[in-house]
Amino acid sequence: MDHLLAHLQRPEVGVVGAKLVYRSGAIQHAGIVVGMMDGTGHPGRGIFQSDLWRWLDQTRNVSAVTGACMGLRRQVFTELGGFDPGFPVNYNDVDLCLRARQVGYEVVFEPHAVLRHDECQTRVPGTRLEERERLRQQWAEVLERPDPYFNPHLSIDSEEIQLGSTIQSGVNRSERSLLAGSAG
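Under numbering that gives the first Met the number 0, the first residue of the sequence shown is numbered 0, with each subsequent residue one higher.
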């Protein structure tokens with residue numbers, strides 16, 4: 000936890016998150032990418048240590064971190080108005096991080112703080128569709144743009160890390176769909 004607390008000493012950091020692993024040691028969380036799959040995704044979920052994707056083990060800014068283990072100063076939490084009750088189960092962490100970024104704070108992923116996470120042990124697994132739709136409506140402008148912290152050459156179609164079929168930089172999601180359709 001000292002690694003997380005160290006980042007919170009920096010005034011520009013609003014939220015910091017830890018690396019979460021499953022019982023097997025495979026990655027569960029190494030930062031959240033916005034605009035991936037249904038709106039957000041955890042790139043590298045399910046993989047083990049990889050020499051190919053070393054950035055998963057680097058301290059870096061990300062668009063969001065999971066609420067399963069996130070740290071922020073009380074003053075920042077209060078300034079942001081806390082968690083939005085409109086996201087009672089899913090996306091409350093993403094929404095909080097996006098609001099932090101919106102007012103100028105950094106969101107940091109810290110891989111040296113590693114915790115085992117038994118995902119969905121205290122709640123029903125899955126995504127509530129009304130919350131996903133609310134996220135899409137509330138953050139449409141952010142979700143349509145390429146994630147500024149994710150390599151634009153990688154696919155946003157799954158959490159499996161692989162090269163994408165189109166370069167995403169500067170192209171919004173609906174334009175990417177058009178480009179992908181005309182590429183064949």
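All C-beta atoms, glycine included, are put in the ideal place defined by N, C-alpha and C.
With DSSP as the reference, identify every bridge partner of residue 128, one or two as the case may be. Answer by DSSP bridge pairing: none, since residue 128 is not bridged.
Which residues does DSSP list as the beta-bridge partners of residue 108? 16 and 59
How is the beta strand (DSSP E) around residue 32 delimited, first residue to last? 32 to 35
Straight-line Cα distance separating residue 88 from residue 99: Residue 99 and residue 88: Cα-Cα distance of roughly 19 Å.
Measuring alpha carbon to alpha carbon, tell me which of 73, 59 and 21 ends up nearest residue 32. The shortest C-alpha separation from residue 32 is found at 59.
Coarse secondary structure for residue 88, derived from DSSP in three states: coil
Range covered by the beta strand (DSSP E) that runs through residue 65: Unbroken run through residue 65: none, as it is neither H nor E.
Those residues which DSSP pairs with residue 162 across a bridge: 153
Please classify residue 0 as buried or exposed, where buried requires at least 16 neighbouring CB atoms within 10 angstroms. exposed
So, for residue 116: in the same chain, excluding its five sequence neighbours on each side, which residues have a beta-carbon less than 6 Å away from its beta-carbon? 19, 27 and 67
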